[in-house]
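Right, one structure below, let's go through it.
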Amino acid sequence: MANDESMLREVDQELAEDDLNQKLRQYGPMLIGAGAAIVVGVAGWQIWSAREDAAAKAQALNFDAAVERLAEDRDAGRQALAAVGEAGGGYGALARLRAAGSYASGGERLRAVEIYREVYNDGAVARRVREFARLRAAYLSLADGRDAVLSDLDGLADDGGPFGVYAREVLALAALGAEDYETAQALFRELTLDLSAPPSVRQRAEDFAALAASGKAGVNITGEARLEDLMRAVGDDAASDMAAPAAGDPLAASIDGDGQDGETGAAPDLAGDGAPEAGDPDAGDLESEAPDPDSEAQ
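The sequence shown begins at 1 in the working numbering and counts up by one.
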């Protein structure tokens with residue numbers, strides 16, 4: 001009986017070994033191929049990742065060099081920024097914003113608007129950066145009339161994002177410029193009551209609401225104060241309001257003119273380099289994107 005059991009165990013063992021060998025012959029090549037594919041895939045990903053990191057660092061250096069060049073030589077700096085912009089990616093978008101800021105501060109408004117529009121129409125650019133480009137284009141488009149402003153904003157005032165307050169302000173300014181004093185007054189009054197708006201925005205809205213009320217009453221407000229100059233000034237002030245502190249943040253320089261006149265724009269995360277006012281738009285929304293501009297959240 002013991003011998004029979006021993007023989008049966010040996011037979012079972014041999015059958016199991018035969019079955020294993022048969023499966024190895026059948027599936028072994030596929031398993032080896034799959035393992036090799038995994039190894040090659042991991043190695044390929046590491047190589048690709050290393051190259052992407054190297055490319056991003058190189059583009060960052062090119063961006064910084066272009067900004068420095070802009071401060072020394074406006075035309076040469078713009079050409080350098082254009083080269084960075086053509087390379088695409090996050091720093092490419094920032095270079096285009098920086099170039100637009102340079103044109104705006106240099107009095108070339110139409111060229112600046114053209115670049116801002118190119119940025120906000122580029123689906124590869126991060127959403128917050130596109131929104132910022134829309135807002136800057138809208139401020140510069142005030143001189144072109146209400147329709148141009150509405151086209152640039154494209155609903156930005158209604159999306160509840162960090163730029164909504166400023167978009168509503170520019171809408172009110174467009175109404176004021178169109179001599180639609182009733183609409184302008186209503187929009188400015190809404191801003192004065194919006195506790196989420198920065199204090200400077202609420203203060204400006206209060207002043208402009210009074211101006212709209214005067215216009216509504218028949219007072220020639222353009223004779224009292226040049227409306228075009230007021231709207232132009234608000235464009236610069238609002239850029240400063242959108243400041244979010246992040247020293248060295250690449251998005252910081254995007255609207256700081258050309259580096260030759262620090263008073264033409266602001267320079268931090270989005271627009272300035274000082275501490276944000278209470279109620280300023282959420283610095284984190286853009287701060288989270290700007291340090292790593294190649295992570296292009298849509």
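The C-beta atom is built at its ideal place from N, Cα and C for all residues, glycine as well.
* To do: Answer yes or no: do Arg-168 and Leu-187 have a C-beta to C-beta separation smaller than 8 Å?
  => yes
If you draw a straight line from the C-alpha of Gly-259 to the C-alpha of Gly-106, how long is it? Residue placement at Gly-259 is flagged as unreliable, the pLDDT there being 47, under the threshold of 50; the coordinate-derived value follows with that caveat. So the two alpha carbons sit approximately 11 Å from each other.
Using the Cα positions of Gly-218 and Ala-172, report the straight-line distance between them to the nearest angstrom. If I take the Cα positions, the gap works out to 18 Å.
Cβ neighbour criterion (16 or more within 10 Å) applied to Glu-131: buried
Problem set entry | Residue from Ser-151, Gly-164, Asp-147 with nearest C-alpha to Asn-121 | Ser-151
*Look up Asp-152 in the DSSP assignment and say whether it is helix, strand or coil.*
helix
ask   = chain B beta carbons: is any one of them nearer than 8 Å to that of Leu-176?
value = The structure shown has no chain B; it contains just one protein chain.
message: Are the CB atoms of Leu-94 and Ala-112 within a distance shorter than 8 Å?
response: no
### Message
To the nearest angstrom, how far is the alpha carbon of Arg-109 from that of Tyr-166?
### Response
19 Å
Assigned exposure category for Ala-58 - 16 Cβ within 10 Å defines buried: exposed
Handout entry: Boundaries of the alpha helix (DSSP H) in which Ser-141 is found, first to last residue
Key = Where Ser-141 is concerned, there is no enclosing alpha helix (DSSP H), given that its DSSP letter is neither H nor E.
Item to check | Integer-rounded CB distance, given that Ala-99 should sit under 8 Å from Tyr-116 | outcome: About 10 Å; that fails the 8 Å criterion.
TODO: State buried or exposed for Ile-221, treating a residue as buried only when at least 16 other CB atoms are found within 10 Å of its CB.
DONE: The residue in question, Ile-221, is buried, as its Cβ has 16 or more Cβ neighbours within 10 Å.
Roughly how many whole angstroms lie between the Cα atoms of Ile-328 and Gly-89? The structure shown does not extend to residue 328, since the chain spans only 1 to 298, so no value can be given for it.
* Just to confirm, are Gly-164 and Ala-174 a CB contact at a threshold of 8 Å? -> Result no, Cβ atoms of Gly-164 and Ala-174 do not sit closer than 8 Å.
Quick one: Cα of Ala-197 to Cα of Leu-191, how far?
7 Å
Q.
Tell me the DSSP secondary structure of Val-170 in three-state form.
A. helix
Quick check on Asp-75: does DSSP put it in helix, strand or coil? helix
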